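Taking the working numbering, the leading residue of the sequence shown gets 148, the next gets one more, and so forth. Don't be surprised by glycine CBs; every beta carbon is placed ideally from N, CA and C. Keep in mind it's a predicted model, so treat the numbers as computed, not measured. One structure is given below, encoded as C-alpha cells.
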Amino acid sequence: MFPTIHLVLPSYAVFAVIGGIVAFSFLYVRTKIFDIDKLDYIKMFVICVLFGFLGSRIVYFLSRLTWLANHYSLHNIFSIIIDGGFVYYGGLIGVLIGVKIYCGIKKLNYLPIKNMIAPAIPLFHAFGRIGCFMAGCCFGSRLEKPLVVFDTFVLYRVPVQLIEVLFEFILFLIIYVSQKKYEKFDWLKIYLITYALFRFVIEFLRGDTIRGIIFGISTSQIISILFLTYYLILFLKRKRCE
148 MFPTIHLVLP SYAVFAVIGG IVAFSFLYVR TKIFDIDKLD YIKMFVICVL FGFLGSRIVY
208 FLSRLTWLAN HYSLHNIFSI IIDGGFVYYG GLIGVLIGVK IYCGIKKLNY LPIKNMIAPA
268 IPLFHAFGRI GCFMAGCCFG SRLEKPLVVF DTFVLYRVPV QLIEVLFEFI LFLIIYVSQK
328 KYEKFDWLKI YLITYALFRF VIEFLRGDTI RGIIFGISTS QIISILFLTY YLILFLKRKR
388 CE
C-alpha cells in the first residue's frame, strides 16, 4: 500500500479499522433510537472488539489444523498463533458472544440491541472485504470471463471480494431501511440466515485454499451450514409448539 512514497500499511487492517470507526459511529447515533445508554454501548463495543479479535484468530487456527496435521512443528504452531490471519465468521461469533455476555451481566433487553447492531455488521464487513481486495487475499478462482479482475500473477480471477462488498452494502441498506417499518422483526437473525446462504454459495467461487477445506467444503461453508441448521431447528420447534 502506497509503494510510491515507500509507506507500507497493511491494507486489510487499515480498512478494518475504517470499518470499525464507521460502524462505531453509526451505532453511537442509533443508541438514542433504541434507548441504549451510551456508556453501556461503549463498554459493549470494546468487549465485542476483544471477543471478535479472539474469535477470528481461534477459528483461523482451527481452519489450519488439517495443514498442521501434515506439517506439524512447534514453529508452525506458533507461527499460526502469532502471525496468523483472521476468519470473519470467527469474529462474528465472538462479537455475538460478547453482546450476549454483556447483556446478561447488565440485564439488558437483548432484542433491541440485536436489532441495533444488525445493519452495522454488514456495513463493517463491506469495508473489511475492500481491505481483502486491496491486500490480495480471499481471492476468487481462476476464470476467463467478463466478470473478472487481473491480479499481479497474470491470472484472471472471479472478484469475489468485490461481489461480497456489493452484497454487504445492499444488505446493510435493506436492513437499515426495513427496520423503520418492521421494527419488531429479529433483524440479526435475518442477517445471519441471509449471509449464511450467500456465503455458502460464494465460497464455491473462492480460489484460496488457506481458508481450510474439509471433505470438499470450506470452514466458512461448514459454519454457514451450522447457522442454517440451528435456525431450521428453531423454526421446526416453533411450528411443533403451534
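Shown here, Arg211 sits in coil according to DSSP, grouped into three states, outside any helix or strand.
Proximity to Pro266 across Asp355, Gly283, Ile252 and Leu339 peaks at Leu339, based on C-alpha coordinates.
In this chain, the alpha helix (DSSP H) harbouring Lys336 covers Trp334 to Ile349. Residues of the same chain with a CB within less than 6 Å of the CB of Ala163, apart from the 5 flanking positions on each side, are Gly275 and Gly278 in chain order. Pairing Arg346 with Ser325 gives a Cβ-Cβ distance that is not under 8 Å.
Between Val169 and Phe319, the alpha-carbon positions lie close to 13 Å from each other.
In the assembly as shown, Glu311 is a buried residue. Its beta-carbon has 16 or more other beta-carbons within 10 Å. In the three-state reduction of the DSSP assignment, Ser226 falls in the helix class. Gly283 and Tyr219 have their alpha carbons spaced roughly 27 Å apart.
Here Ile322 is not bridged, per DSSP, to any residue. In this structure, the straight-line span from the alpha carbon of Ile165 to that of Thr178 is close to 20 Å.
Taking a C-beta distance under 8 Å as the contact criterion, Tyr188 and Leu197 do not qualify as a contact pair. Residue pairing for Ile240: DSSP places it in no beta bridge. The residues Phe171 and Leu174, in chain order, have a CB closer than 8 Å to that of Phe192 in the same chain once the five nearest residues on each side in sequence are set aside.
Nearest to Ser210 by alpha-carbon distance, out of Ile227, Gly241, Leu243 and Ile317, is Ile227. Distance from the CA atom of Asn256 to the CA atom of Asp333, rounded to whole angstroms, is 13 Å. Contact check for Gly167 against Phe271 passes: the beta carbons are separated by less than 8 Å. At a Cβ-Cβ threshold of 8 Å, Val206 and Thr366 count as neighbours. When only Cα atoms are considered, Ile337 and Ser158 end up about 30 Å apart. Between Ile229 and Val246, the C-beta spacing is not below 8 Å. A Cβ-Cβ separation of about 18 Å leaves Glu330 out of contact with Pro269 under the 8 Å criterion.
Less than 8 Å divides the Cβ of Ile224 from the Cβ of Leu215. Rounded to the nearest whole angstrom, the C-alpha separation of Leu381 and Leu335 is 15 Å. Judged by DSSP secondary structure, Asn262 falls within the alpha helix (DSSP H) whose first and last residues are Tyr257 to Ile264.
DSSP places Phe173 in the uninterrupted alpha helix (DSSP H) bounded by Ser158 to Ile180. In the three-state reduction of the DSSP assignment, Glu311 falls in the helix class.
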